[in-house]
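Trainee: Can you keep this structure in mind? I'll have questions shortly.
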Amino acid sequence: MGKRVGIEVSLAVSHAVMLADVDVIAAYPITPQTHIVEHLSELVADGLLDAEFIPVESEHSAMSTSVGASAAGARTFTATSSQGLALMVEIMYIASSLRLPIVMAVANRALSGPISIWNDHGDMMLSRDTGWIQTVAENGQEVFDLVLHAYRVAEDPRVMLPMIVNLDGFTLSHMIEPIEFLSQEEVNKYLRPYRAPIRMDPENPITMGPVGMPEVYTEAKKAQDEALKNSKKVIIEAWKEFGDLFGRYYSPVETYRMEDAETAILILGSLAETAMTAVDKMRDKGKKVGIIRPRLFRPFPADEIVEAVKNVKNLAVIDRAVALNGMGGPLSFEIRSVLYDANLHPYLKNYIAGLGGRDVTVDDFSDIVSDIESCAQKGVKPEYTIVNVRE
Amino acid sequence: MMESAAEAIRNYEKIKASKIPRVEPLTNGHRACQGCGEVLALRLVMKALGHNVIVVSATGCMEIISSPYPQTAWEVPWLHVAFENAAAVASGVEAAYKVMNRKGKINQPDVTFLAYGGDGGTADIGLQSLSGALERGHNFLYVCLDNEAYMNTGIQRSSSTPYGAMTTTSPPGKKSIGQMTWKKNVAAIAAAHEIPYVATASPAFHIDLMNKVRKGATVKGPAYIHIFSPCPTGWRCDPSVSVEVARLVVQTRIFPLYEVVDGKWRLTNKVKHPKPVIEYLKTQRRFRHLTEKEINKIQQRVDKEWEDLLKRCEY
Chain A
232 MGKRVGIEVS
242 LAVSHAVMLA
252 DVDVIAAYPI
262 TPQTHIVEHL
272 SELVADGLLD
282 AEFIPVESEH
292 SAMSTSVGAS
302 AAGARTFTAT
312 SSQGLALMVE
322 IMYIASSLRL
332 PIVMAVANRA
342 LSGPISIWND
352 HGDMMLSRDT
362 GWIQTVAENG
372 QEVFDLVLHA
382 YRVAEDPRVM
392 LPMIVNLDGF
402 TLSHMIEPIE
412 FLSQEEVNKY
422 LRPYRAPIRM
432 DPENPITMGP
442 VGMPEVYTEA
452 KKAQDEALKN
462 SKKVIIEAWK
472 EFGDLFGRYY
482 SPVETYRMED
492 AETAILILGS
502 LAETAMTAVD
512 KMRDKGKKVG
522 IIRPRLFRPF
532 PADEIVEAVK
542 NVKNLAVIDR
552 AVALNGMGGP
562 LSFEIRSVLY
572 DANLHPYLKN
582 YIAGLGGRDV
592 TVDDFSDIVS
602 DIESCAQKGV
612 KPEYTIVNVR
622 E
Chain B
6 MMESAAEAIR
16 NYEKIKASKI
26 PRVEPLTNGH
36 RACQGCGEVL
46 ALRLVMKALG
56 HNVIVVSATG
66 CMEIISSPYP
76 QTAWEVPWLH
86 VAFENAAAVA
96 SGVEAAYKVM
106 NRKGKINQPD
116 VTFLAYGGDG
126 GTADIGLQSL
136 SGALERGHNF
146 LYVCLDNEAY
156 MNTGIQRSSS
166 TPYGAMTTTS
176 PPGKKSIGQM
186 TWKKNVAAIA
196 AAHEIPYVAT
206 ASPAFHIDLM
216 NKVRKGATVK
226 GPAYIHIFSP
236 CPTGWRCDPS
246 VSVEVARLVV
256 QTRIFPLYEV
266 VDGKWRLTNK
276 VKHPKPVIEY
286 LKTQRRFRHL
296 TEKEINKIQQ
306 RVDKEWEDLL
316 KRCEY
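Chains as they are written, first to last, in my numbering: chain A, 232 to 622; chain B, 6 to 320.
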């Protein structure tokens with residue numbers, strides 16, 4: 232096993248990217264993602280990573296440059312947050328349509344306006360439908376492992392899709408955590424050099440990004456949707472192999488103390504760790520509470536969620552983003568769709584919390600659990616609520 | 006120190022009228038309009054570059070006419086991503102080749118990288134990504150195929166539309182003479198980046214055009230070529246006169262042909278006996294509403310810009 236070191240999580244991302252021996256890095260500064268590319272530029276400057284570091288003039292060009300590099304057959308990395316991701320979105324759709332295995336770390340941050348550099352999942356939800364595979368990390372170790380996993384999955388000839396590793400901005404990206412690094416030899420066992428099945432090559436010319444007339448557009452989209460759906464098998468397979476090699480096993484949906492849980496908190500990302508503390512405290516008082524945490528966001532792990540939810544009475548879905556005047560937060564839409572199809576009807580209430588860096592405390596989770604249990608008991612119509620709004 | 010552009014192009018492989026390359030990397034069967042000056046220019050660019058090239062296309066006429074799936078007019082690798090980012094995409098392709106050659110993953114050190122866009126994709130929406138790529142010094146050639154409006158979407162004005170021209174968003178009327186602004190000088194903007202090679206070209210001077218492309222591909226670092234590309238459909242002229250229009254624009258000094266090598270400006274066509282601008286303007290119905298007063302104004306502007314250009318060429 233590799234050594235355990237205390238390191239800022241952003242630097243651990245860079246370290247994983249170095250171990251993946253990427254060829255091209257497109258970098259544009261935006262808080263809170265900046266430490267990732269700063270450290271990568273140091274690794275390149277010090278000759279520890281042989282890569283082209285392209286300091287582009289915008290995130291739009293970061294994504295465009297990544298598309299060019301990946302289309303030429305290079306292993307490619309970029310990172311962003313919030314407004315940067317918003318600027319990239321146009322090209323993110325094209326990257327997935329071109330089936331380019333770009334890997335991007337997103338240090339999740341609220342979207343403007345008002346401008347906020349702090350953490351929520353507005354950017355993750357903005358990129359929801361771009362056709363990228365998305366995983367969501369809970370802690371630093373997971374971030375490190377998920378970056379390596381991302382290259383393994385994205386470049387699999389059965390997948391060939393771009394992939395995002397989400398990590399909460401500041402609350403995860405800027406934390407110093409104990410992380411068990413892998414050695415280059417270990418990584419080499421897991422991640423083989425990238426060989427693009429097709430690429431921009433004068434010796435074998437292809438036309439890439441042609442016009443899709445009405446006769447082919449629908450088929451192109453169907454093929455892409457199937458590819459994303461089918462990637463799940465490879466995602467799980469790659470996690471299993473990671474576990475077999477290094478002893479850390481991952482799954483699409485993580486559960487915590489769900490054995491006999493009557494109330495479940497469903498949540499994405501690092502805030503689940505705060506929720507764990509709250510659950511432990513509530514369990515001590517005899518409350519049957521657990522946590523469901525999707526680690527995989529796209530493709531959406533519907534079966535695993537059904538399996539986790541099937542016995543709960545109350546389901547508190549925590550969204551870290553608003554879908555203004557929609558039917559709650561974006562995550563709640565997905566969960567409701569899954570449950571409807573599975574004919575499951577727990578009392579589901581959607582709590583929108585932790586927007587733009589607002590703290591969500593252990594007590595907040597206890598309050599949420601009390602609220603959902605009391606609402607369910609009274610039979611109140613479960614309308615979504617934004618938590619901790621100052622009147 | 007890096008070889009200067011002048012040194013690099015001293016022995017470039019010059020094209021002569023008697024030996025025009027027979028290759029057609031942009032082959033026939035595409036869907037361009039009759040008399041399209043843009044596809045003619047692009048064809049000449051590709052004849053000069055040959056087959057050891059990777060082409061990145063901005064969205065626009067040249068993209069849609071050459072690539073309707075499952076057909077393609079391209080014999081060379083061709084990549085289209087979006088409207089405003091051809092230079093950024095080409096940056097990525099170029100960087101990928103550089104590092105993969107260095108790491109021994111491939112052995113293809115002599116590939117040329119071409120990015121092209123129309124005037125909308127270059128002077129307007131793509132100016133930022135172009136500037137970024139030029140500033141970063143990628144070894145690639147960018148060609149602007151300038152037909153002076155957004156033709157693909159139906160002839161809307163761009164910042165490259167000439168003063169007085171009628172477009173669907175700069176219509177002449179009681180309170181307007183058509184396009185109210187003067188054409189943006191993107192070649193000068195490119196030159197301000199102090200890149201090794203900048204040139205202007207016209208498909209009516211096809212040998213000159215192809216040799217400028219050869220030079221642009223030969224220098225190490227970014228090169229920019231601005232090519233005047235008549236659009237009979239959008240300019241309201243007969244398809245049979247587009248080459249004539251491309252010649253007149255030079256002969257009237259409206260579109261001077263020059264190159265900037267290592268920052269040194271040089272006229273490549275001195276136009277010793279210029280024709281009046283009216284000779285050019287009257288070939289296209291996009292200018293037919295112009296009064297004598299406006300035409301005089303254009304003549305004065307052309308004369309002044311020519312003087313300014315001559316000053317730049319004095320070194």
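Just so it is clear, CB atoms sit at the ideal spot from N, CA and C, and this is done for glycine as well.
In or out: A:A451 buried (at least 16 other Cβ within 10 Å) or exposed?
Mentor: For the purposes of this step, residue 451 of chain A is identified with residue 220 of the first sequence, where counting begins at 1. By the 10 Å Cβ count, A:A451 comes out exposed.
Trainee: From A:R235 to A:A243, what distance separates their C-alpha atoms?
Mentor: Against the first sequence, residue 235 of chain A aligns to sequence position 4. Against the first sequence, residue 243 of chain A aligns to sequence position 12. Approximately 11 angstroms between the Cα atoms of the pair.
Trainee: Could you tell me whether the Cβ atoms of B:R293 and B:W187 are closer together than 8 angstroms?
Mentor: Translated into positions along the second sequence, residue 293 of chain B becomes position 288. Translated into positions along the second sequence, residue 187 of chain B becomes position 182. Not closer than 8 angstroms, so no.
Trainee: Any C-beta of chain A sitting closer than 8 angstroms to the C-beta of B:N274?
Mentor: Within the second sequence, the letter at position 269 stands for residue 274 of chain B. No, no contact with chain A.
Trainee: Give the list of continuous alpha helix (DSSP H) stretches no shorter than 4 residues that lie fully inside the segment 452-537 of chain A.
Mentor: List check, alpha helix (DSSP H) in window: 502-515.
Trainee: How would you label A:D515, buried or exposed, when you count the other beta carbons within 10 angstroms and need 16 or more for buried?
Mentor: The residue labelled residue 515 of chain A in the question sits at position 284 within the first sequence. Under this definition A:D515 is an exposed residue.
Trainee: In chain A, what lies closer than 7 angstroms to B:P82 by C-beta?
Mentor: What you label residue 82 of chain B is simply residue 77 of the second sequence in a count that begins at 1. Those are M431, D432, P433, P436, I437, listed as they occur along chain A.
Trainee: With 8 angstroms as the threshold, decide whether the Cβ of B:V86 is near any Cβ in chain A.
Mentor: Taking the second sequence and counting its residues from 1, one reaches residue 86 of chain B at position 81. It does: the Cβ of B:V86 has a partner Cβ on chain A nearer than 8 angstroms.
Trainee: Give me the subset of the segment 254-272 of chain A whose CB atoms are less than 9 angstroms from a CB atom of chain B, sorted by chain position.
Mentor: Residues D254, V255, A257.
Trainee: According to DSSP, is A:V268 helix, strand or coil?
Mentor: Within the first sequence, the letter at position 37 stands for residue 268 of chain A. Here A:V268 sits in helix by DSSP.
Trainee: Would you mind stating whether B:N57 and B:V94 have Cβ atoms separated by less than 8 angstroms?
Mentor: For this step, residue 57 of chain B is matched to residue 52 along the second sequence. For this step, residue 94 of chain B is matched to residue 89 along the second sequence. It is not a contact, given that the beta carbons lie outside the stated cut-off.
Trainee: For A:R235, which beta-bridge partners are listed by DSSP?
Mentor: Translated into the one-based positions of the first sequence, residue 235 of chain A becomes position 4. A:E411, per the DSSP bridge assignment.
Trainee: Is any beta-carbon of chain A found at less than 8 angstroms from that of B:G97?
Mentor: Residue numbering aside, residue 97 of chain B sits at position 92 when the second sequence is read from its first letter. At least one chain A Cβ lies under 8 angstroms of B:G97.
Trainee: If we cut at 8 angstroms on Cβ distances, does A:H291 have a partner in chain B?
Mentor: By 1-based counting over the first sequence, the position of residue 291 of chain A is 60. Closer than 8 angstroms: yes.
Trainee: Am I right that A:P393 and A:S327 are in contact with their C-beta atoms under 8 angstroms? What's the rounded C-beta distance?
Mentor: In the first sequence, the residue the question calls residue 393 of chain A occupies position 162. In the first sequence, the residue the question calls residue 327 of chain A occupies position 96. About 5 angstroms separates the two Cβ atoms, so the contact holds.
Trainee: Under the rule that 16 or more other beta-carbon atoms within 10 Å means buried, what is A:S343, buried or exposed?
Mentor: Mapped onto the first sequence, residue 343 of chain A falls at position 112. Per the 10 Å Cβ criterion, exposed.
Trainee: With burial defined as no fewer than 16 other Cβ atoms inside 10 Å of the residue's Cβ, what is the status of A:E369: buried or exposed?
Mentor: Counted from its first residue, the first sequence places residue 369 of chain A at position 138. Buried.
Trainee: With a CB to CB cut of under 6 angstroms and the five nearest residues on each side skipped, what residues in its chain are close to A:G588?
Mentor: Locating residue 588 of chain A in the first sequence gives position 357, counting from the first residue. Around A:G588: W349, N350.
Trainee: Can you round the beta-carbon distance between B:I200 and B:Y229 to whole angstroms, since I take them to be within the 8 angstroms contact cut?
Mentor: Stepping through the second sequence from its first residue, residue 200 of chain B is reached at position 195. Stepping through the second sequence from its first residue, residue 229 of chain B is reached at position 224. Their Cβ separation, rounded to whole angstroms, is 6 angstroms, which keeps B:I200 and B:Y229 in contact under 8 angstroms.
Trainee: Tell whether a beta-carbon distance below 8 angstroms holds between A:T309 and A:A341.
Mentor: In the first sequence, the residue the question calls residue 309 of chain A occupies position 78. In the first sequence, the residue the question calls residue 341 of chain A occupies position 110. Their beta carbons are not under 8 angstroms apart, which means A:T309 does not touch A:A341 by this criterion.
Trainee: Taking the alpha-carbon of A:L316 as reference, which of A:S358, A:N435, A:I285 has the nearest alpha-carbon?
Mentor: By 1-based counting over the first sequence, the position of residue 316 of chain A is 85. Nearest option by C-alpha distance: A:S358.
Trainee: Checking the sheet assignment: what are the DSSP bridge partners for B:S175?
Mentor: Locating residue 175 of chain B in the second sequence gives position 170, counting from the first residue. The partner list for B:S175 (beta bridge, DSSP) reads B:T172.
Trainee: Would DSSP call B:W311 helix, strand or coil?
Mentor: As a working mapping, residue 311 of chain B is identified with position 306 in the second sequence. Three-state result, B:W311: helix.
Trainee: Establish whether the CB of B:M105 and some CB of chain A are separated by less than 8 angstroms.
Mentor: Sequence index remark: in the second sequence, residue 105 of chain B carries index 100 (1-based). Yes, B:M105 lies at the interface with chain A (some Cβ there is under 8 angstroms from its Cβ).
Trainee: Residues of chain A with a CB under 8 angstroms from the CB of B:Y102: which are they?
Mentor: Taking the second sequence and counting its residues from 1, the one referred to as residue 102 of chain B is at position 97. Near B:Y102 (Cβ distances below 8 angstroms), the residues of chain A are A303.
Trainee: Whole angstroms is fine: what's the gap from A:P263's alpha carbon to A:D354's?
Mentor: To locate residue 263 of chain A, count along the first sequence from 1; it is residue 32. To locate residue 354 of chain A, count along the first sequence from 1; it is residue 123. Straight-line Cα distance between these residues: approximately 12 angstroms.
Trainee: In the structure shown, what three-state DSSP assignment does A:N574 receive?
Mentor: Stepping through the first sequence from its first residue, residue 574 of chain A is reached at position 343. In the structure shown, A:N574 sits in coil (DSSP, three-state: anything other than H, G, I, E or B).
Trainee: Residues in its own chain within less than 6 angstroms of B:P82 by CB, not counting five upstream and five downstream?
Mentor: Residue 82 of chain B sits at position 77 when you count from the first residue of the second sequence. For B:P82, where only same-chain residues beyond five positions count, the Cβ hits under 6 angstroms are I59.
Trainee: Per the contact definition of three or more C-beta pairs closer than 8 angstroms, is the segment 102-116 of chain B in contact with the segment 447-464 of chain A?
Mentor: No: the two stretches stay apart, fewer than three of their Cβ pairs being nearer than 8 angstroms.
Trainee: Just to confirm, is the Cβ distance from B:L139 to B:A78 under 8 angstroms?
Mentor: Walking along the second sequence from the start, residue 139 of chain B turns up at place 134. Walking along the second sequence from the start, residue 78 of chain B turns up at place 73. No, the pair does not count as a contact, with Cβ atoms beyond the cut-off.
Trainee: Which first and last residues belong to the alpha helix (DSSP H) in which B:V333 is found?
Mentor: With chain B represented from 6 up to 320, any question about residue 333 of chain B goes unanswered, as that position is not in the structure.
Trainee: What does the alpha-carbon distance come out to for the pair B:V44 and A:M249?
Mentor: By one-based count along the second sequence, residue 44 of chain B stands at place 39. By one-based count along the first sequence, residue 249 of chain A stands at place 18. If I take the Cα positions, the gap works out to 44 angstroms.
Trainee: Do A:L379 and A:Y425 count as a contact pair if the criterion is CB distance below 8 angstroms?
Mentor: Looking up residue 425 of chain A in the first sequence gives position 194. Looking up residue 379 of chain A in the first sequence gives position 148. No, these two residues do not count as a Cβ contact at 8 angstroms.
Trainee: Check for me: the alpha helix (DSSP H) holding B:Y147 runs from which residue to which?
Mentor: Working through the second sequence from its first residue, we reach residue 147 of chain B at position 142. Note, B:Y147: premise wrong, no alpha helix (DSSP H); beta strand (DSSP E) at 146-151.
Trainee: Comparing alpha-carbon positions, which option in A:A458, A:H405, A:P441 lies nearest A:R389?
Mentor: Counting from one through the first sequence, the residue named residue 389 of chain A turns up at place 158. The option with the nearest alpha carbon to A:R389 is A:A458.
Trainee: Listed in chain order, which residues of the segment 142-155 of chain B have Cβ atoms closer than 8 angstroms to some Cβ of chain A?
Mentor: Cβ contacts with chain A come from no residue of the segment 142-155 of chain B.
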